[in-house]
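> I'd like to ask some things about the structure below.
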Amino acid sequence: MKTFFLAFLIVVWYYSHSIAQEKKDSTKVNGYIQSQYQYFFIPDTVGAATNSFATFSGGNFVNRFTNNRFTIRRGRVNITYYNQRNHARFSFDLTERGIAIKDVYFQYFEPLIESIYLKGGMFNRSFGQEIGLSSSLRETPERSRVVQTLFPNERDLGFELGFDSKKDILSKFDAALAVVNGNGTNYETNNFKDIIGRIGFKTQKNETSIKLGFSLYNGQINHIYEPVDTIASNTNTKYYIYRFENIEDTTGRTSKGFVIKMDESKSAGTMGKGIERRYYGVDGEIQFNSPLGRLTIRAEYIWGIQPAAVNYKDVEQAYIIYNGMNSFSPSGPVLGVSWPMYDQPQPYNPVIVSPTNKFHHTFVRNFDGGYIYFIQNLFKTEHQLVFKYDWYDPNTQVTGKDIIYDEALYFNDPTYIKPYLSPADIKFETYGIGLNLALNKNLKACFYYEHVVNEKAKIKPYIGDIRLGRMPSPGYEKDIKDDVFTFRLQYKF
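Take 0 as the starting number for the sequence shown in numbering that gives the first Met the number 0 and just add one per residue.
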């Protein structure tokens, strides 16, 4: 009888607990629309916008014939299911550029102390502060140049194990460790998996709050020396690994530049080898009351090793030096022509358009970058004055005066060792100032001006040939006129 009664109590408790749990379940739909106007102060010597000048200010133009635009920067819709602290989210963007998936993930907390969670799917990388700060809350229109370069689309695919407690002193600490593909939100293209980790600390005393964090990214990109699985192999194409060194030519001239590492390149063979991709970061934030109101100072510093892919065979040509070099992280395959394996296109084996992994040379650089925000709330309102400084130096081993591209030396002097330096090695700094007006709980206006300053280098203007898709360049012998003004209205719902 006692056993039956005990079993009855357990059943009653289970169903009452289940009903209570069901009452805590909820589904929430929210989002925001960011409608904006932008004016780009483009280089006079170019005469029209090119693909590079809008990259970090909301995306490139579709052509070179305009320097201003109305656009929907983000049309975000979030659908989130909540069960206590557990949740699952679907998030996507609707803009004039189409529909893009942003978040698809679940986050599940263990039930014992509800402090350790498992996250799986497509989610923000746990590195630093700016990535995880929602674009609806961020005080500037876009993330900093270094973050956009290292972490395109901010998100990746994989699993994350983390610690986030609401209990007493444990709530001061948080941690996350993720294993991801490393290609952002795109398809996986190799067997390497990247590891992202962050440890954070936060505290508050009276009206002052402090946050501090340390981050690590440890990954690899795949380099293939001699592809054999496409028609390109019929041209005996080879792809090399370039590393930065001091170089000396046969006349005794010394300089700095990229050198082909032949043995390392050949060791990649036909299947490839991993090239290190490693970042370190430290970030912090302090908030306190100033005579004008709430003041927030937020900063982050990132440094490490960045391999970048150059998807051209002949990297010494001028149009590639000016427009083809880059320092971006990999973002997976591109949509392009996929050739039949081991065969010429035939009616029974046709060329198709599909996600295609382009083969590439790999340039390895040491970099650093960061940002600092000063956000001053105006008295007791939500209106804000904002100042932001950010910088990105893609190659810390060379300064502007040593960044040289001389076409005459490249092709007319047989003793000259080509350094393969390019605009991808130039440091950029951005000074931003803005005003945010909270018109009501849903509507916010943003006025923001960015003054972009490039490192001066010995890279002359380039005429180009638009008919062949070789875009002109104003060169980098002086600071390029490439400032940006943004007016944005954001409506949250």
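We treat Cβ as the ideally placed atom computed from N, Cα and C, and that holds for glycine.
All figures in this text were calculated on a predicted structure; none of them were measured in a lab.
Out of F122, R75, L408, which one is the CA nearest neighbour of L92?
For the purposes of this step, residue 92 is taken as residue 93 along the sequence shown, with counting starting at 1. Here the sequence assigns Asp to residue 92, which means Leu is not the residue at that position. For D92, the nearest C-alpha among the options comes from R75.
> In whole angstroms, what is the alpha-carbon distance linking G196 and G157?
Mapped onto the sequence shown, residue 196 falls at position 197. Mapped onto the sequence shown, residue 157 falls at position 158. Looking at the two C-alpha atoms, the distance is approximately 13 Å.
> In whole angstroms, what is the alpha-carbon distance linking S472 and T148?
Along the sequence shown, read from residue 1 onward, the residue named residue 472 stands at position 473. Along the sequence shown, read from residue 1 onward, the residue named residue 148 stands at position 149. Going by the C-alpha atoms only, they are around 21 Å apart.
> Helix, strand or coil for K440, going by three-state DSSP, please let me know.
For the purposes of this step, residue 440 is taken as the residue at position 441 of the sequence shown. Correct three-state label for K440: coil.
> In the DSSP assignment, find the alpha helix (DSSP H) that holds V145 and state where it starts and stops.
Against the sequence shown, residue 145 aligns to sequence position 146. Looking at the DSSP string, the run of the alpha helix (DSSP H) that includes V145 is 144-149.
> How far does the alpha helix (DSSP H) with K459 in it reach, from first residue to last?
Locating residue 459 in the sequence shown gives position 460, where the first residue counts as 1. Per DSSP, K459 belongs to no alpha helix (DSSP H) and is neither H nor E.
> So what does L384 bridge to, in DSSP terms?
Stepping through the sequence shown from its first residue, residue 384 is reached at position 385. Beta-bridge pairing links L384 to Q375, L434.
> Which residues mark the beginning and the end of the beta strand (DSSP E) in which D173 is found?
In the sequence shown, residue 173 corresponds to position 174, counting from 1. Unbroken beta strand (DSSP E) run through D173: 172-179.
> Quick one: what's I198 bridged to in DSSP?
Within the sequence shown, numbered from 1, the residue matching residue 198 stands at position 199. DSSP lists A174, F213 as partners of I198.
> Let me check understanding here. Comparing Cα to Cα, which of R277, A53, V103 lies closest to W302?
Here residue 302 refers to the residue found at position 303 when the sequence shown is read from its first residue. Cα-wise, what sits closest to W302 is R277.
> Look at the alpha carbon of P290 and the alpha carbon of Y430, and state the distance between them as a whole number of angstroms.
Taking the sequence shown and counting its residues from 1, one reaches residue 290 at position 291. Taking the sequence shown and counting its residues from 1, one reaches residue 430 at position 431. About 25 Å.
> Are the segment 131-142 and the segment 430-443 touching by the rule of at least three beta carbon pairs closer than 8 Å?
As far as the Cβ criterion goes, the segment 131-142 touches the segment 430-443, which means the pair count is three or higher.
> Could you pull out every residue in the same chain whose Cβ sits closer than 6 Å to the Cβ of G199, ignoring the five residues on either side in sequence?
Mapped onto the sequence shown, residue 199 falls at position 200. So the qualifying residues of the chain are D173, G212.
> Secondary structure at P422, three-state DSSP: helix, strand or coil?
Your numbering for residue 422 matches position 423 in the sequence shown. Reduced to three states, the DSSP call for P422 is helix.
> Where F555 and T295 are concerned, what is the direct C-alpha to C-alpha distance, given to the nearest angstrom?
Lying before the first or after the last residue shown, residue 555 is absent from the chain, which here runs from 0 to 492.
> Helix, strand or coil for M324 per DSSP?
Numbered from its first residue, the sequence shown carries residue 324 at position 325. Reduced to three states, the DSSP call for M324 is coil.
> Which residues in the same chain as S164 place their Cβ atom closer than 6 Å to its Cβ, once the five residues preceding and following it in sequence are excluded?
Counting from one through the sequence shown, the residue named residue 164 turns up at place 165. If we look at S164 and ignore the five residues flanking it on each side, its Cβ neighbours are S114, S170.
> Determine which residues share a DSSP beta bridge with F257 and list them.
As a first step, residue 257 must be located in the sequence shown, where it is residue number 258. BP columns for F257 point to F243.
> How do the segment 363-370 and the segment 380-395 stand: do at least 3 beta-carbon pairs fall below 8 Å, yes or no?
Touching, yes, given that three or more Cβ pairs across the two stretches are closer than 8 Å.
> Are the segment 257-264 and the segment 378-386 in contact at 8 Å, needing three or more beta carbon pairs?
Taking 8 Å as the limit for Cβ pairs, the verdict is that the segment 378-386 does not touch the segment 257-264.
> Within the same chain, show all residues whose beta-carbon is closer than 6 Å to that of K459, passing over the 5 residues directly before and after it, in chain order.
Position 460 of the sequence shown, counted from the start, is the residue given in the question as residue 459. Contacts found: G474.
> Alpha carbon to alpha carbon, how far is Y239 from A444? Give it in angstroms, no decimals.
Position 445 of the sequence shown, counted from the start, is the residue given in the question as residue 444. Position 240 of the sequence shown, counted from the start, is the residue given in the question as residue 239. Their Cα atoms are separated by approximately 49 Å.
> Under 8 Å: do the segment 78-85 and the segment 21-37 share three or more Cβ pairs, one atom per stretch?
A contact exists between the segment 78-85 and the segment 21-37.
> I'd like the span of the beta strand (DSSP E) that includes Y409, first residue to last.
To locate residue 409, count along the sequence shown from 1; it is residue 410. Note, Y409: premise wrong, no beta strand (DSSP E); alpha helix (DSSP H) at 406-411.
> Under the three-state reduction of DSSP, which class applies to K265: helix, strand or coil?
As a first step, residue 265 is located in the sequence shown; it is residue number 266 there, counting from the start. K265 falls in the helix class under three-state DSSP.
> With distance defined between alpha-carbon atoms, name the residue in I319, K255, S125, I130 nearest to G463.
For the purposes of this step, residue 463 is taken as residue 464 along the sequence shown, with counting starting at 1. Checking every option, the nearest Cα to that of G463 belongs to I319.
> With F446 and Q35 assumed to form a contact (beta carbons below 8 Å), what rounded beta-carbon distance in angstroms separates them?
Here residue 446 corresponds to residue number 447 of the sequence shown, with the count starting at 1. Here residue 35 corresponds to residue number 36 of the sequence shown, with the count starting at 1. With a Cβ gap of about 11 Å, F446 and Q35 do not count as contacting.
> To which residues of the same chain is N67 closer than 8 Å at the C-beta, ignoring the five residues directly before and after it?
Here residue 67 corresponds to residue number 68 of the sequence shown, with the count starting at 1. Only Y36, Q37, Y38, F39 meet the Cβ criterion.
> Quick check on Y318: does DSSP put it in helix, strand or coil?
Taking the first residue of the sequence shown as position 1, residue 318 is located at position 319. Helix, per DSSP.
> For the segment 117-124 and the segment 52-69, state whether three or more C-beta atom pairs, one from each stretch, are separated by less than 8 Å.
These segments do not touch.
> Flag this pair as touching only if the segment 177-197 and the segment 104-113 have three or more C-beta atom pairs under 8 Å; answer yes or no.
Touching, no.
> Assign A407 to buried or exposed, taking buried as 16 or more other Cβ atoms, counted over all protein chains shown, within 10 Å of its Cβ.
Against the sequence shown, residue 407 aligns to sequence position 408. By the 10 Å Cβ count, A407 comes out exposed.
> Taking C-beta to C-beta, are G271 and I223 nearer than 9 Å?
As a working mapping, residue 271 is identified with position 272 in the sequence shown. As a working mapping, residue 223 is identified with position 224 in the sequence shown. Taking 9 Å as the Cβ cut-off, G271 and I223 qualify as a contacting pair.
> Should T188 and K312 be called a contact, given that it needs their Cβ atoms to be closer than 9 Å?
In the sequence shown, the residue the question calls residue 188 occupies position 189. In the sequence shown, the residue the question calls residue 312 occupies position 313. In this structure, K312 does not lie closer than 9 Å to T188 by Cβ.
> State the Cα-Cα distance for the pair Q83 and K166, rounded to the nearest angstrom.
Residue 83 sits at position 84 when you count from the first residue of the sequence shown. Residue 166 sits at position 167 when you count from the first residue of the sequence shown. Q83 and K166: Cα-Cα distance of roughly 15 Å.
> With N123 as the anchor, note down where its beta strand (DSSP E) starts and where it stops.
Position 124 of the sequence shown, counted from the start, is the residue given in the question as residue 123. First-last of the beta strand (DSSP E) with N123: 115-123.
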